[in-house]
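Written below as structure tokens is the structure these notes are about.
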Amino acid sequence: MRQTRLISKMKKVVFLTGAGISAESGFSTFRGNNGLWDNYPVEQVATPQGWKENPTLVTDFYNNLRKNLIKAKPNEGHLKVAELEEHFDVTVVTQNVDNLHERAGSSKIIHLHGELMKVCSSDDPDNPEYIETLDDEHLIVKHGELAKDGSLLRPWIVWFGEAVPRMEEAIEAVSDADIFVIVGTSLNVYPAAGLINFVPQSAKIYLIDPFNVETPRGYAVEVIQEVASKGMRILEQILLKKS
Ligand code: OAD
498 MRQTRLISKM KKVVFLTGAG ISAESGFSTF RGNNGLWDNY PVEQVATPQG
548 WKENPTLVTD FYNNLRKNLI KAKPNEGHLK VAELEEHFDV TVVTQNVDNL
598 HERAGSSKII HLHGELMKVC SSDDPDNPEY IETLDDEHLI VKHGELAKDG
648 SLLRPWIVWF GEAVPRMEEA IEAVSDADIF VIVGTSLNVY PAAGLINFVP
698 QSAKIYLIDP FNVETPRGYA VEVIQEVASK GMRILEQILL KKS
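498 is the number of the first residue of the sequence shown in the numbering used here; add one for each residue after it.
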């Protein structure tokens, strides 16, 4: 006898996360009170020009971030995002270069601005042949260390003025979302901040941030004005009640 199987189509939840979701894991955000860019000029450590002018300073900056990253742990915000996979088809589009979403257990992650634990060729940054993943044993890039193509090994970070290679993938995910959730981003940096423009009209939009974040006019956004951990607890209750 032919059996018919009941297939439940899980709703698609797409998160857009930023530095704020990692704040409770001990990372500074970029902007605002004592933000990272107040202490390290962005032109020096996050632009191709800065790299050209002083690769030693840039290498040291990312080495330090990496040392902090391996000591840090995902917080409840990251964990709750991952747990929602039990009930929803979840994609995380993140501007963060840390690997805390991965370590919390999320399975579909699009890193828009690169990954701190990866390094690449200075001449051909997105060529997968020259991208290397660092680990605890090789965490620190030495001054003058070379990539496999003989160019200087550089952080696999999308710097200001550079193209965002995974943007198309992110747009595709957002365009298909039933629920779009923005967590811990000031929405200051494009093209990531423009992703909201691709959310289908029928989708519900939530925003979790302890401070006021300006969203483009014309979108109904339900704001949960809390830090990521508490905000995610509230969101989980709302979503599970509705599903
Ligand atoms: P920002 O530093 O611009 O914004 C961080 C946001 O997190 C702000 O809206 C804060 O109010 C919020 N926030 C602070 N503490 C929080 C908490 N505990 N829980 C939730 N939210 C909290 O960081 P991003 O928007 O991520 O790019 O910045 C975007 C990009 O600009 C980064 O990816 C980086 C930076 O320059 C590159 O390095 C290429």
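The beta carbon of each residue, even a glycine, is placed where N, CA and C say it ideally should be.
For the set I654, I606 and T514, the Cα lying nearest the Cα of I628 is the one of I654. With at least 16 other beta carbons inside 10 angstroms of its own, K577 counts as buried.
Using a Cβ-Cβ distance cut-off of 8 Å, the stretch 627-641 and the stretch 603-611 are not in contact, since fewer than three pairs of beta carbons, one from each stretch, lie closer than that value. Between V661 and P688, the CB-CB gap stays under 7 Å. Leaving aside the five residues that flank D586 on each side, the residues in its chain whose CB is nearer than 6 Å to its CB run, in chain order, M507 and K509.
In this structure, DSSP gives L692 a helical state, which the three-state scheme calls helix.
S683 has its Cβ nearer than 6 Å to a heavy atom of the ligand OAD.
In this chain, the beta strand (DSSP E) harbouring L650 covers L650 to I654. For I679, the enclosing beta strand (DSSP E) begins and ends at I676 to V680.
Beta-bridge partners of I518 (DSSP): none assigned. In this structure, the C-beta of G517 approaches the ligand OAD to less than 6 Å from one of its heavy atoms.
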